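Residue numbers (my numbering), protein chains in the order written: chain Z, 2 to 1007; chain R, 1489 to 1692.
By construction, the Cβ of each residue, glycine as well, lies at the ideal position given by its N, Cα and C atoms.
Predicted model, so just to flag it, every value in this text is computed and none were measured.
Encoded as structure tokens, the structure appears first; notes follow it.
Structural data, given as structure tokens:
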């Protein structure tokens, strides 16, 4: 029969909107508004999976994010979502769901054998295998990996989109139950910017789990009253309600992470490509109100993990929120008053109540009277000691307790298909605790509640141990008012609704953490954590093996370490551990609550910053030309620079040789726009430059340029570049491409904090200028043709000088500087004219066979000249002296890093120094990074290493290979033989040389 | 008519409009932009009408002056207004220690307007752009995705913001805004320089 367990009426599901879905290949029907759990229960399905370790049957146990057991796989292939809580997944037309961790089928699972061998895989099994004989982990791992686990990861890339968003608000209210609704409304009425976030599909919280026939608020049903409040709240312009949104992390400064499910509840064909699957909210709130409710605790007794055993509160939720009967014949097992209401609600809904089993001797007499009126059997001072039914509970054995609290002889069977259990309530303090708030143990509620706050937050309602509806509404409203007032709003006290409740609310209880068992301890299998398969026996073992600290015991047993983070398990586990050590619960303490409160997908954490948006691709004004002309690109930091410009049919090597030759023999052109540029201005500009560079800047004349090295405070080379003097008080500084931002911030920082007396201003102009570098003997010819009003003849326009000029009437700055050792002109033009000028250069340069070259040829050309690249030939451990550039360090006057240079360690002669290496075989190109050693054989390991190769190329202009390397005491090894290691081959013999290979070539290279 | 030799960083993009005026995106190309660094002490601030309140802007003589820091302002004017503005400022500043830098091409301006502009921008920045906090004329320097930018609230009847962003980051930001606006009907935009269609240096 279709939906045999659906009540005739009731619930907030839309009965006019049926939905077809499947579980394990079988088709079922439910209604819009159902979760997968409520829809399965409506069809009489309780068992939905197998447990992590022992593969024991697992059923739906809770009705929300607390459920440790009802975990399934949703969807197939790329859309597969493993480890999804059935109680949270809303159903949609065509939803496919599957049981997890079972094969070949849910009911007949091979690995259920694990359960028989459970004695061999106790707590700490992994720990012991790791510590076992060598190789034992390698032996066991494949089996363990196959057998243990939860769902299956999707085999394909995730096609869904995700995004982040940010919000600031005055008052953030987390949890839209009765307390949260009152808090949000009170704050919104005061005019505050309010956000109310709710984990489920709609506001209402526990109100929706109340019997609408017995509870009225202002004369309305709970759902009706909630609707009214929601409507009013939505009417406030600055109030926002987010549903399907879970606050998963409470961070410093009232910064809260929220995961919103945007599309997971929509049928696949309806999901829009333009809508994300999930959205991660970064919320910064001035005040936070925590109204996160309480979580019911299960009872720990032999066989307590069977499908059909459910939290009493969850039964009520299914009954009233979803209009579903979780069973036809129910028993209730508890030690507190609140579970009795479940029995009465079930009974009123037509469920036969087998009995109420209460461990206490004297529960509230009113409850006893209500039970008597309904004709419900009551077993006082009794416990359930055994369950029958493997895949679904069929019966429970009740036994009396004796005077000592032990199980007495004599038993009776309760036949039932549902066992509602309640071990009391735990305030949901996860977020409070994440906020660094201090918890305090409250004997009255046998649970931890918020103590001292650390951040600007307050807890109200059940999460603060205030369990009655009246106290929730009252505390919520007061918290909302206080929060708004703390933000400076005038907030009048809120009116509370009139409540008419036929059901008296009682919260009396007696905490029994470990239910007495009729079996000896080693035969009792009472589960504490149903997801991680942790039993009382495991906790005892941890204790016996010396894991006394609660944090150690948790990790050893894995209790509370499942995807549910032990929401239902933790309190029981702590209390049982405490009892075993003869300590009180607060003496033992509890484990730390950590973010996230519940699992957050990696996709949501990455947000929109993936794929094309992983990092900005910075491109120059000439990028379009490079792309159109077949450039291969190289990422340089975020920049994309042309690497080589291959012509048809040309190999990379051939391209590189052609580009490099052209730049020396005729004319090459490079897009150098990416270099960092900083405008430096002020009467103290020279003093400033003298402090940030190692050399002297006081006498550089306007119209001239100078090369400089910048060091860190540690004396190590950080950046280099050429700075031009525009006027006596105005300089144009260039930095490396990657160094632009760090240099700018270091310099600005120095000005603001170290030398505020200097009158200097800095402004970054990196992208104001497009830079075209002409290189080669024909560059002067082309420059002359391009420039309106400047004779580029090197005789009048010498190396290391610059001039203002015009091209096509547009102002340009021309620099006679070079990174190749060749005749060069760097033309700077306003970036918006960059592409135009580049095209003009290409056109007019055609007669010289102008050759665009990329970063690889640039690297080779500078290596021929022995110029360094900071970051390639330096690695943050090289001083100017190490680079054999001692000449650039002035003798007098301070600069950043000066003092470090005189540290004895930096003055040792045996430091690694930059040298040239020439291979004996001129055709042999060394590998960059290869080790430099002193002996022709590698010898016994570890082979003493003298240094490594930093740059290595075949130079077409020199007709042989060249390399640079950092070598211990390199400066003293000129002309000496050394060896460079090669994988699989004998070390290559080399000779140490200077680095200016171009200069050596004039004297003839070997 | 601007110089045909000139090209703006987003010349390859067409203005985008979502249906029903939810959001529009366009480049305000070639605006004249200068950064002035000067001490606000003395008469300078008064004479030049510099906004001295943090994160505010002022309109004066056809240009908008944005507060960027205690000693840093940006002047923005129409594309052809740069020369005049520079001359005028130079005249006032004469002997005062200052730095006036042309950054017209260093930055470009992306204008985002429409009902959903706020919601879209909040996907990109942790800064509070709520109209109650970031009022008309307010200015801020902050992060948008992974690029820095300056934002100014230019709303009149409808939410309207200018984001001033570096040349090289403009395309990334344009596409990131479009991506964030997809749910309101902006078309997806593929950023330049992506692996597809381009050849890269291989990892080896």
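Inter-residue CB distance, residue i and residue j (contact presumed, cutoff 8 Å)
| i | j | result |
| --- | --- | --- |
| residue 207(Z) | residue 294(Z) | 6 Å |
| residue 560(Z) | residue 527(Z) | Going by Cβ atoms, the distance from residue 560(Z) to residue 527(Z) rounds to 13 Å, so no, they are not a contact pair. |
| residue 1675(R) | residue 1603(R) | The Cβ separation is near 18 Å, so there is no contact. |
| residue 1496(R) | residue 1522(R) | Between residue 1522(R) and residue 1496(R) the Cβ distance is about 18 Å, and since that is not below 8 Å, they are no contact. |
| residue 354(Z) | residue 342(Z) | That pair is no contact at about 12 Å. |
| residue 783(Z) | residue 626(Z) | Contact flag wrong, Cβ pair sits at about 17 Å. |
| residue 890(Z) | residue 737(Z) | Actually they are not in contact, since the Cβ atoms of residue 890(Z) and residue 737(Z) sit about 19 Å apart, beyond 8 Å. |
| residue 676(Z) | residue 813(Z) | That pair is no contact at about 16 Å. |
Short CB-CB distance (under 8 Å) between residue i and chain Z
| i | result |
| --- | --- |
| residue 1580(R) | no |
| residue 1678(R) | yes |
| residue 1496(R) | yes |
| residue 1493(R) | yes |
| residue 1692(R) | Residue confidence for residue 1692(R) is low, a pLDDT of 36 falling below 50, so the modelled location carries little weight and cannot support an answer. |
| residue 1614(R) | yes |
| residue 1572(R) | no |
| residue 1525(R) | yes |
Cutoff 8 Å: residue i Cβ touching any chain R Cβ
| i | result |
| --- | --- |
| residue 1(Z) | Outside the shown range of chain Z, which is 2 to 1007, sits residue 1(Z), and nothing can be said about it. |
| residue 831(Z) | yes |
| residue 255(Z) | no |
| residue 657(Z) | no |
| residue 306(Z) | no |
| residue 18(Z) | no |
| residue 814(Z) | no |
| residue 347(Z) | no |
| residue 212(Z) | no |
| residue 803(Z) | no |
| residue 378(Z) | no |
| residue 279(Z) | no |
| residue 455(Z) | no |
| residue 6(Z) | no |
| residue 166(Z) | yes |
| residue 878(Z) | no |
Bridge-paired residues (DSSP) for residue i
| i | result |
| --- | --- |
| residue 380(Z) | 358(Z) |
| residue 387(Z) | 398(Z) |
| residue 640(Z) | 619(Z) and 637(Z) |
| residue 680(Z) | 733(Z) and 764(Z) |
| residue 708(Z) | 723(Z) |
| residue 86(Z) | 72(Z) |
| residue 330(Z) | 353(Z) |
| residue 776(Z) | 669(Z) and 825(Z) |
| residue 1595(R) | 1654(R) |
The ligand COA heavy atom lying under 7 Å from the CB of residue i
| i | result |
| --- | --- |
| residue 49(Z) | This structure lacks the ligand COA, and indeed carries no ligand of any kind. |
In the segment 147-181 of chain Z, which residue ranges form an unbroken beta strand (DSSP E) of at least 3 residues, counting only runs that do not cross its ends? 163-175
Please confirm if the segment 749-760 of chain Z is in contact with the segment 1564-1584 of chain R, defined as three or more CB-CB distances below 8 Å between the two stretches. no
Do three or more CB pairs link the segment 97-113 of chain Z to the segment 47-63 of chain Z at distances below 8 Å? yes
Sufficient close CB pairs (3 or more, under 8 Å) joining the segment 789-804 of chain Z to the segment 972-982 of chain Z: no
I'd like to know if the segment 278-293 of chain Z and the segment 459-470 of chain Z are in contact, where contact means that at least 3 CB-CB pairs between them fall below 8 Å. yes
Can you list, in chain order, the stretches of the beta strand (DSSP E) that have 3 or more residues and sit fully within the segment 933-1005 of chain Z? 948-956, 961-969, 978-983 and 986-994
Mind listing, in chain order, the continuous beta strand (DSSP E) runs of no fewer than 3 residues lying wholly within the segment 1500-1570 of chain R? 1512-1516, 1520-1526, 1545-1548, 1551-1557 and 1560-1565
What ranges does the beta strand (DSSP E) occupy inside the segment 242-277 of chain Z, keeping only unbroken runs of at least 3 residues that lie completely in it? 246-252 and 256-262
Counting pairs of Cβ atoms below 8 Å between the segment 863-873 of chain Z and the segment 647-658 of chain Z, do you hit three or more? no
Below 8 Å, can you find three or more Cβ-Cβ pairs linking the segment 375-395 of chain Z to the segment 277-287 of chain Z? no
Suppose only complete runs of 4+ residues qualify. What are the alpha helix (DSSP H) ranges in the segment 863-920 of chain Z, listed by chain order? 899-902 and 905-908
Counting only runs that start and end within the segment 488-547 of chain Z, where is the alpha helix (DSSP H) found for 4 or more residues in a row? 537-545
Whole beta strand (DSSP E) runs in the segment 1576-1655 of chain R with 3 or more residues, listed along the chain? 1586-1590, 1595-1601, 1627-1632, 1635-1641 and 1648-1654
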